[in-house]
Amino acid sequence: MLAMDRSTQHPGRSFDELVDEAAAAPVDGWDFSWLAGRATEQRPSWGYQRLLGERLAAAGAALDVQTGGGEVLAGAGAANFPRTLVATEGWAPNAARATRLLHPLGAVLVAVPEDAPLPFADGAFDLVTSRHPARVDFPEIARVLAPGGTYFAQHVGGRTNVELSAFFLGPFPVPTDREHEVEAARARAAGLEVVGCRNERLRLEFSDVGAVVWFLRKVVWTVPGFSVGQYRERLRELHELIGRAGPFTSTMSRTLFEARKPAAR
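Next comes the structure, spelled out in structure tokens:
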């Protein structure tokens, strides 16, 4: 997501300048390059995009669910694309961006709300993939997978960015539905065999308050309903905290998830 450059606070820029710039910057797509030099993310050890390319190269028909702006799928390499490759996305700005990026590479984009059933026939794909889906509907994934087919994904794990959320929201009950053990149980309940469920906890650092504003506008589930106007005083406190103590650190969770639909008897 974010570049692993050394982040440094932007010296000489006021709170208002940093916040107003971030509030006006575009947040469509799933490209985080705006944060280069302003935030760092520790990467998972497995290299999802490379592994995705390997899975795609071995597939005959593949579906990428909640593809965002299509950047991750495109980055897996068009040379690896199977003869049939479809991607879904529910947010209109992302869907438009993904269409422009993926159509020239031979992939079809279908606009589908993330909470809607997948508009595909039973057993239509031998591979279903997703990177950071907001919602994982295992029964629908199992339905569209062909017998013997594979679901391969990188999920945002449980307790991701709890520190950042709590800074703005205060103490709150942390949901457990994204814990990797819970997701594995849900996959099994949908009839899938869990092949791998590997979780890592990783560091995320923000070096200026503008980076936080931009991130919260893009990753909207971190602080639901976030707006600069509503949280301006709390943002000012964060700006002062970063000035005194250095980058604000939060903890992410990532899960490399693989499950298989049993072969037909």
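Numbering-wise (this note's numbering), the sequence shown opens with residue 483 and increments by one.
For glycine and all other residues, C-beta sits at the position ideal for the given N, C-alpha and C.
All values derive from a computational prediction rather than experimental measurement.
Where DSSP assigns a beta bridge to VAL590, which residues make up the other side?
-> According to DSSP, which records beta bridges pairwise, VAL590 is partnered with VAL568.
Considering ALA505, what are the terminal residues of the alpha helix (DSSP H) in which it resides?
-> 497-506
Those residues which DSSP pairs with PHE730 across a bridge | PHE688
For LEU717, is the classification buried or exposed, using 16 other Cβ atoms within 10 angstroms of its Cβ as the cut-off for buried?
-> buried
Whose C-beta lies closer than 6 Å to the C-beta of GLU596 among residues of the same chain, with five residues either side of it excluded?
-> Excluding positions up to five away in sequence, the list reads GLN548, GLY572, ALA616, ARG617.
Measuring CA to CA, which of PHE620, PRO599, PRO744 is closest to GLY750?
-> Given that the chain is displayed from residue 483 to residue 747, the structure contains no residue 750 and the question cannot be resolved.
For the alpha helix (DSSP H) holding ALA578, just list the boundary residues, first then last.
-> Residues 574-584.
Residue from LEU698, GLY673, GLU740 with nearest C-alpha to GLU622 = GLY673
Expected contact under 8 Å - CB spacing of ARG520 and SER647 to nearest Å | Approximately 20 Å separates the beta-carbon atoms of ARG520 and SER647; this is outside 8 Å, ruling out the contact.
For the candidate residues SER732, ALA556, GLY605, ALA507, whose alpha-carbon lies nearest to that of ALA746?
-> GLY605
Keeping to the same chain, check which residues put their C-beta closer than 6 Å to that of TRP703; ignore five residues upstream and five downstream.
-> none
Proximity winner among ARG742, ARG736, ALA741, relative to SER527 (alpha-carbon distances) | ARG736
DSSP beta-bridge partners for GLN636?
-> ARG613, LEU738
3 or more residues per run - each beta strand (DSSP E) lying fully within the segment 512-567 | Counting whole runs of 3 or more residues, the segment 512-567 contains the beta strand (DSSP E) stretches 521-523, 543-546.
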